[in-house]
Amino acid sequence: MGESALISNDSLSATVKHFNTKTFFSSEGQSSPSLLGPYTRSSSSLSDTPQTDTNASGQLTHTFRGFKRNAGTPRVRRTPRASNVQTPQTDHTTLTTGSSATSTNAASVIVAVVEGRGLARGEIGMASINLKCPELVLSQFADTGTYAKVISKLHVLMPLEILMPDTVSEKGKGTKLYNLITENFQSVTLTTVQRKYFNERKGFEYIQQLSAPEISTVFMEVQTKYYCLAASAALLKYFEFVQNSIYAPRSLKVSFQGSDQTAMIDSASASNLELVVNNRDHRSDQCLLGVLNYTKTPGGERRLRSNILEPLLDVDTINIRLDTLQEFLEEEELFFGLKNAISHFLDIDQLLSVLIQIPKQET
1340 MGESALISND SLSATVKHFN TKTFFSSEGQ SSPSLLGPYT RSSSSLSDTP QTDTNASGQL
1400 THTFRGFKRN AGTPRVRRTP RASNVQTPQT DHTTLTTGSS ATSTNAASVI VAVVEGRGLA
1460 RGEIGMASIN LKCPELVLSQ FADTGTYAKV ISKLHVLMPL EILMPDTVSE KGKGTKLYNL
1520 ITENFQSVTL TTVQRKYFNE RKGFEYIQQL SAPEISTVFM EVQTKYYCLA ASAALLKYFE
1580 FVQNSIYAPR SLKVSFQGSD QTAMIDSASA SNLELVVNNR DHRSDQCLLG VLNYTKTPGG
1640 ERRLRSNILE PLLDVDTINI RLDTLQEFLE EEELFFGLKN AISHFLDIDQ LLSVLIQIPK
1700 QET
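See below:
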């Protein structure tokens, strides 16, 4: 590997330290006071110290597993395909190894949620970005009056902060969606932003400017998804405000996740089945995630958790993963060599996220 590709431990530590989540609310390098106007936070100030506030419903919102070898080479059964014409999509397979991975990192996802009004009520747009991963995830779907899909989606994302339009809590009375979110996510910061920042046209412009060249197909998927575009506009503008930085042009992976691509497991079922948390002891790894978690990298653990809570329905992606497992079972040296190599990997997503942020230039 060339010298230009090497990063010293000291410089990496400094970079990661600089990206510590606490700087997310740091007052250092804040925008001018005139920019504070459009945003109404549920805390009294943008400080490092967690704050609490009582909302209209009387609740508090807060600022902040190797493969077992058998005789012979086992075969992996492929899932029947609906069509043999379609080309399978690329997938980053979660690799499992013989030792436990580190626990999931602290929450670092900001989510913007917006609901349609009038006849469009129940149509939900969501946009989320992980501060440790340069990917903008968009989704739009129709939900029922119980908003089970929204709540389940938020449980999967484990957000650090949730953004909603300020119209959800006008005149001291919150909408049903707003009240359900505050009830289910009492330890998550809930921030209201002026409705005008939920602008679908501006959101599409952001995506055109920031999405990586190889993600061009996302434009066709989202150009008529007005609510997720609106949510992305508010989310990226808010990121610019609190982080006092912007993403470099054509540097983000932008993806659209439709509700038909995964199965939905509601939060109550996930809790009762102890999929990711042990109900008796939240610090225990005696849950499905803990039993299966032999991942070696933070990204692998994040993917495993997501797939447990939102099981894949896409046959092509499932078959790609089965093919990968089959290759590892047949190529023993490849598997063990790769297993040893990835155990030394850093969290590349987090490093990339730091590198593509540009300090905001005030004018």
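Going by this note's numbering, the letters in the sequence shown line up with residues 1340 to 1702, in that order. Even glycine gets a Cβ: it sits at the ideal position worked out from N, Cα and C.
Residue 1593 and residue 1550 closer than 8 Å at C-beta: Taking 8 Å as the Cβ cut-off, residue 1593 and residue 1550 qualify as a contacting pair.
Exposure label - residue 1482; buried when at least 16 CB within 10 Å: With 16 or more Cβ atoms within 10 Å of its Cβ, residue 1482 is classed as buried.
Helix, strand or coil at residue 1524 according to DSSP, with G and I counted as helix: Correct three-state label for residue 1524: coil.
As assigned by DSSP and simplified to three states, the class of residue 1532: It is a strand residue.
8 Å Cβ cutoff met for residue 1600 and residue 1653: Yes. Within cutoff.
Burial state of residue 1683, where buried means 16 or more other Cβ atoms lie within 10 Å: Burial call: exposed.
Segment contact flag, the segment 1556 to 1573 with the segment 1601 to 1620, C-beta cutoff 8 Å, min 3 pairs: Segments in contact, no.
Candidates 1451, 1542, 1685: closest to residue 1469 by CA position: The candidate whose alpha carbon is nearest that of residue 1469 is 1451.
Whole-number beta carbon distance between residue 1639 and residue 1686, since they are thought to touch under 8 Å: Residue 1686 to residue 1639, Cβ: 10 Å. No contact.
Cβ shell of residue 1398 (< 7 Å), same chain only, five flanking positions each side left out: With a pLDDT of only 42 at residue 1398, under 50, the local geometry of the prediction cannot be trusted, and the value read off the model is given with reservation. Excluding sequence neighbours, residue 1398 sits near 1521, 1522, 1525.
Three-state secondary structure assigned by DSSP to residue 1559: Residue 1559: helix per DSSP, three-state reduction.
Below-8 Å beta-carbon distance, residue 1482 vs any chain C residue: The structure shown contains no chain C; it holds only a single protein chain.
Identity of the residues DSSP links to residue 1475 by a beta bridge: Paired residue(s): 1468, 1593.
Residue burial classification, residue 1448 (beta-carbon count within 10 angstroms, cutoff 16): With 16 or more other Cβ atoms within 10 Å, it is buried.
Cβ-based burial, residue 1540 [other Cβ within 10 Å; buried from 16]: In this structure residue 1540 is exposed. Its beta-carbon is surrounded by fewer than 16 other beta-carbon atoms within 10 angstroms.
Residue(s) in a DSSP beta bridge with residue 1585: Answer is 1697.
Supposed close pair residue 1519, residue 1490 - CB separation, criterion 8 Å: That pair is a contact at about 6 Å.
Check whether residue 1471 and residue 1623 have beta carbons under 8 Å apart: The Cβ atoms of residue 1471 and residue 1623 lie no closer than 8 Å to each other.
Residue 1490 in three-state terms, based on DSSP: DSSP, read as helix, strand or coil, puts residue 1490 in helix.
Residue 1696 versus 1497, 1581, 1505, residue with shortest Cα-Cα distance: Of the residues 1497, 1581, 1505, the one whose Cα lies closest to the Cα of residue 1696 is 1581.
Terminal residues of the alpha helix (DSSP H) in which residue 1630 lies: That run of the alpha helix (DSSP H) goes 1627 to 1631.
When 1480, 1672, 1474, 1698 are compared against residue 1459, the one with the closest alpha-carbon: Selected option, being the one with the closest Cα: 1480.
Residue 1605 to residue 1675 span [Cα, whole Å]: Using only the alpha carbons, I get a separation of about 37 Å.
For residue 1611 and residue 1487, the rounded distance between their alpha carbons: For residue 1487 and residue 1611, the distance between alpha carbons rounds to 16 Å.
8 Å Cβ cutoff met for residue 1527 and residue 1573: Contact: no.
For residue 1504: DSSP bridge partner residues: DSSP output for residue 1504 lists 1532 as bridge partner(s).
Residue 1667 - DSSP class collapsed to helix/strand/coil: For residue 1667, the three-state secondary structure derived from DSSP is helix.
Expected contact under 8 Å - CB spacing of residue 1477 and residue 1571 to nearest Å: About 6 Å; that satisfies the 8 Å criterion.
Residue from 1485, 1578, 1632 whose Cα sits closest to the Cα of residue 1499: Of the listed residues, the one whose Cα sits closest to residue 1499 is 1578.
For residue 1602, the nearest candidate out of 1636, 1495, 1466 (CA to CA): For residue 1602, the closest alpha carbon among the candidates 1636, 1495, 1466 is that of 1495.
Straight-line gap, residue 1535 to residue 1509 (C-alpha atoms, nearest Å): Taking the straight line from one Cα to the other gives about 15 Å.
Neighbourhood of residue 1548 by C-beta, 8 Å cutoff - its chain only, sequence neighbours within 5 removed: Close CB contacts of residue 1548 within its chain, under the 8 Å cut and outside five residues either way in sequence, are with 1588, 1589 (chain order).
Cβ distance (whole Å) where residue 1643 is taken to contact residue 1628 below 8 Å: With a contact defined as Cβ atoms closer than 8 Å, residue 1643 and residue 1628 qualify at about 7 Å.
Extent of the continuous alpha helix (DSSP H) to which residue 1607 belongs: For residue 1607, the enclosing alpha helix (DSSP H) starts and ends at 1606 to 1611.
Selection from 1503, 1609, 1513, 1688 that minimises the alpha carbon distance to residue 1473: Comparing Cα-Cα distances from residue 1473 to each of 1503, 1609, 1513, 1688, the minimum goes to 1688.
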